[in-house]
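Numbering (our numbering), first residue to last: 282 to 435.
In structure tokens form, the structure reads like this:
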């Protein structure tokens, strides 16, 4: 495998953190050209991004439209071979001043490496926070259980 997978992921998170804080860093050089990035959920940021080009031209600019600044901190990791699971503390300030994940709750992320570079990322963010804090949508809790057709006839 070459490079230690846990160290590569830690370096990637550190570089993403630097970029979010407005500092120069290049997290892309730690990604395979054909990396697959999956953002879980149904938010405007969710989806599957194939290759660095889609990450650079679609995911990052879409996020940048809403995020003014932020931080990404590696809280914990576990690795086996070329696979790494991490807990991240990700917070961000939107362009309208709302804070994503003000509580600092951890998000899960899975990384897979190939030849010392990251080939796959699966990110499990707080989708409610993305919708409300970054996109200004209103959270509407599930309504009480509706009467079922057989119950309505009773």
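All C-beta atoms in this analysis are idealised placements derived from N, C-alpha and C, irrespective of residue type, glycine included. Quick caveat: nothing in here was measured; it's all calculated off a predicted structure.
- Item | Assumed close pair residue 403, residue 319 - CB separation to whole angstroms, cut-off 8 Å | On the chain shown, position 122 is the one that residue 403 refers to. On the chain shown, position 38 is the one that residue 319 refers to. Taking a contact as a CB-CB distance under 8 Å, the pair residue 403 and residue 319 counts as one, their CB atoms being some 5 Å apart.
- Query: Looking at the unbroken alpha helix (DSSP H) that takes in residue 291, where does it start and where does it end?
  - Reply: Residue numbering aside, residue 291 sits at position 10 when the chain shown is read from its first letter. Counted as a single uninterrupted DSSP element, the alpha helix (DSSP H) harbouring residue 291 occupies residues 286-301.
- Query: Of all the options 423, 414, 406 and 415, which has the alpha carbon lying nearest to the alpha carbon of residue 322?
  - Reply: Reading the chain shown from its first residue, position 41 is the one you call residue 322. Taking only the C-alpha atoms, the option nearest residue 322 is 406.
- Apart from the five residues just before and just after residue 327, which ones in its own chain have a Cβ nearer than 6 Å to its Cβ? If you number the chain shown from 1, residue 327 lands on position 46. Within the same chain, residue 327 has close Cβ partners 320.
- Item | Assigned exposure category for residue 421 - 16 Cβ within 10 Å defines buried | Sequence index remark: in the chain shown, residue 421 carries index 140 (1-based). In this structure residue 421 is exposed. Its beta-carbon is surrounded by fewer than 16 other beta-carbon atoms within 10 angstroms.
- With distances taken Cα to Cα, identify the nearest neighbour of residue 349 among 376, 291, 299 and 294. For the purposes of this step, residue 349 is taken as the residue at position 68 of the chain shown. For the set 376, 291, 299 and 294, the Cα lying nearest the Cα of residue 349 is the one of 376.
- Task: Assign residue 235 to one of two classes, buried (16 or more other C-beta atoms within 10 Å of its C-beta) or exposed (fewer than that).
- Result: Since the first and last residues shown for the chain are 282 and 435, residue 235 lies out of range.
- Among 352, 310, 325 and 347, the one whose alpha carbon lies nearest that of residue 334: For the purposes of this step, residue 334 is taken as the residue at position 53 of the chain shown. Closest option to residue 334, Cα to Cα, is 310.
- Task: Determine the direct distance from the alpha carbon of residue 392 to that of residue 291, and round the result to whole angstroms.
- Result: Residue mapping note: residue 291 aligns to position 10 of the chain shown, counting from 1. Residue mapping note: residue 392 aligns to position 111 of the chain shown, counting from 1. Rounded to the nearest whole angstrom, the C-alpha separation of residue 291 and residue 392 is 11 Å.
- Task: Let me know the secondary structure DSSP gives residue 344 once reduced to three states.
- Result: Working through the chain shown from its first residue, we reach residue 344 at position 63. Three-state DSSP puts residue 344 in a helix.
- Message: My parser needs the beta strand (DSSP E) runs of 3 or more residues fully inside the segment 365-413; what are they?
- Response: Taking only runs of at least 3 residues, the beta strand (DSSP E) segments lying wholly in the segment 365-413 are 387-395 and 398-405.
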